[in-house]
DNA sequence: TTAATAAATTTGTCCTACAAATGAAATTAA
DNA sequence: TTAATTTCATTTGTAGGACAAATTTATTAA
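Chains as they are written, first to last, in the working numbering: chain H, 223 to 474; chain X, 223 to 474.
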């Protein structure tokens with residue numbers, strides 16, 4: 223029933239493939255030749271949008287879908303399995319499937335394997351972190367509270383004025399900053415990027431292209447600046463703090 | 223063969239579930255009870271990492287995996303289907319499966335349906351765009367070229383000093399900026415965020431909370447600033463340009 | 001009317017089967 | 001012997017059947 227409104231579009235999409243077995247190897251297929259599973263996945267996602275489904279809405283059962291689309295239940299299940307992975311749908315035993323709130327970062331999370339990503343992607347992620355760190359000033363100052371600042375102080379007090387801090391301390395400090403933006407997605411996103419960032423930089427650093435930064439800005443300096451300064455001052459300090467990284471992008 | 227090194231760990235993980243049919247409803251299962259497909263998906267991703275597989279490496283075939291893991295081929299195929307969607311693996315007919323370079327943003331792309339995302343997620347995305355726009359200055363100035371600037375000029379020349387520009391012009395201008403960062407992932411990421419950003423803002427705007435910005439900074443102003451100014455000046459101009467959005471986050 | 005029981009529905013899992021595709025092997029021709 | 005062609009074997013993609021578990025719904029009993 224639920225699928226009725228989409229049947230026409232679906233049939234249109236599938237009709238070209240109905241007599242697949244005869245033509246598949248005759249027609250010169252475009253590079254992006256899609257499997258049935260790919261197509262069903264796309265059809266379902268479009269169907270969700272077209273029909274304005276929202277979390278909680280129930281979906282037709284697997285058999286109904288597979289019959290309407292004229293594909294095997296296996297194909298439908300593979301497509302649904304993908305959507306389930308992304309958090310778009312949930313199945314409650316016997317109650318059938320319902321729409322859910324997808325996890326925005328689930329897809330990226332699973333894919334963040336430095337060995338698999340292209341060099342370009344790795345470089346992009348490296349830079350993305352720098353962009354983000356430079357962009358959070360306004361949010362930090364708009365949302366800093368005494369409580370937040372005290373917690374941040376607790377983090378930096380362990381590091382004193384150290385120029386070189388451990389990986390854990392680095393993550394603790396910047397992680398706390400991300401948290402203070404009040405943006406959970408941003409925080410999670412940054413935390414995902416961090417290991418990749420380090421992976422890229424270590425690789426780069428091991429190539430022996432080092433620069434000594436004259437007057438390094440420590441975490442403690444940043445803290446003071448966040449407490450007493452302005453967004454612009456903080457950003458300038460952050461730039462200084464990250465200068466060794468920024469140096470890598472200007473080709474120096 | 224390829225799976226041998228992982229078999230022990232795998233068996234350990236699966237052994238608790240071998241006699242599933244008898245115990246499933248007796249033992250109080252933790253909330254995050256995983257399906258076989260979920261577990262196989264995790265096992266495979268771990269296996270990729272543990273064994274340091276890189277793009278091009280070939281994988282065991284489906285039967286081998288399903289036998290080694292002692293699950294049905296369907297379960298294995300559902301897990302593989304997920305990984306294929308993320309671009310982690312590819313299958314070449316008859317040659318079997320090989321590792322591939324995953325598409326970093328494929329997962330997010332599929333999930334960006336404003337009707338499904340939580341209000342929190344939508345707000346986060348909205349803010350993320352602002353963070354990114356504020357963070358790109360250094361990259362723009364590091365990578366601007368005469369060619370780039372000319373292309374940007376072509377975009378703004380169509381808009382003159384207009385304060386209100388169409389959706390297309392908005393996308394064209396800012397999209398060009400993202401492009402000029404020289405970071406393809408960033409550009410793609412921003413372009414994904416844009417529609418969501420607009421969706422959130424329109425919703426917000428329709429609630430009638432408007433502010434007149436005294437001296438609006440136009441796209442043309444930004445262009446001039448990028449051409450002749452400094453990163454800091456450009457960022458200040460960008461803040462002004464986006465002020466109507468920033469106003470929404472300070473609770474005004 | 002309420003409680004207990006039976007039936008029906010739907011997902012998760014396993015299994016079998018087979019077409020298509022293609023690399024490898026075998027066979028044939030020069 | 002070598003080259004070309006044919007045959008064979010392997011692996012994925014797809015279809016479809018079967019059944020257990022779980023839970024909603026319907027039915028029956030008190």
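Glycine is no exception: its CB is placed at the ideal position from the N, C-alpha and C atoms.
Residue-level contact by beta carbon fails for residue 416 (chain X) and chain H, as no gap is shorter than 8 Å. Within chain H, the residues whose beta carbon sits less than 7 Å from that of residue 340 (chain X) are 323, listed in sequence order.
Here residue 325 (chain H) is buried, its C-beta having at least 16 other C-beta atoms within 10 Å. Fully contained in the region 261–335 of chain H are the following alpha helix (DSSP H) runs of length 4 or more, in chain order: 284–291, 295–307 and 328–333. Chain X has no Cβ within less than 8 Å of the Cβ of residue 366 (chain H). The alpha-carbon of residue 472 (chain X) is positioned some 6 Å away from that of residue 364 (chain H). Chain-ordered, the chain H residues with CB closer than 7 Å to the CB of residue 303 (chain X) read 259, 300, 303 and 304.
The beta-carbon separation of residue 362 (chain X) and residue 448 (chain X), rounded to 6 Å, stays under the 8 Å limit for a contact. Annotated three-state conformation of residue 387 (chain H) is coil, per DSSP.
Not flagged as an interface residue toward chain H: residue 465 (chain X), since no C-beta distance is shorter than 8 Å.
Using a Cβ-Cβ cut-off of 7 Å, residue 285 (chain H) is close to nothing in chain X; its nearest Cβ partner there is about 16 Å away. Rounded to the nearest angstrom, the gap between the Cα atoms of residue 263 (chain X) and residue 281 (chain X) is 14 Å. For residue 377 (chain X), the enclosing alpha helix (DSSP H) covers residues 368–379. One thing to note: residue 441 (chain X) has its Cβ no nearer than 8 Å to the Cβ of residue 386 (chain X). Residue 468 (chain X) sits close to residue 360 (chain H), with the two beta carbons spaced by under 8 Å. Less than 8 Å divides the Cβ of residue 399 (chain X) from the Cβ of residue 358 (chain X).
Closest in C-alpha terms to residue 424 (chain X), from the list X:261, X:458, X:300 and X:470, comes X:470. The beta carbon of residue 357 (chain X) falls within 8 Å of a beta carbon belonging to chain H, placing the residue at that interface. The C-alpha of residue 319 (chain H) is placed about 36 Å away from the C-alpha of residue 403 (chain H). Residue 290 (chain X) sits buried, since 16 or more C-beta atoms from the chains shown fall within 10 Å of its C-beta. For a Cβ distance threshold of 7 Å, residue set 405, 406, 407 and 408 of chain H lies close to residue 346 (chain X), ordered along the chain. Contact between residue 300 (chain H) and residue 255 (chain X) is absent: CB atoms are separated by about 21 Å, not below the 8 Å threshold. Using a 10 angstroms sphere on the CB of residue 427 (chain X), the tally of other CB atoms stays under 16, which defines it as exposed.
When Cβ-Cβ separations below 8 Å define contact, residue 452 (chain H) makes no contact with chain X. Under the 8 Å criterion on CB atoms, residue 369 (chain H) is classed as non-interfacial with respect to chain X. About 39 Å separates the Cβ atoms of residue 271 (chain H) and residue 292 (chain X), ruling out a contact at the 8 Å cut-off. Taking C-alpha positions only, residue 412 (chain X) is separated from residue 350 (chain X) by approximately 9 Å.
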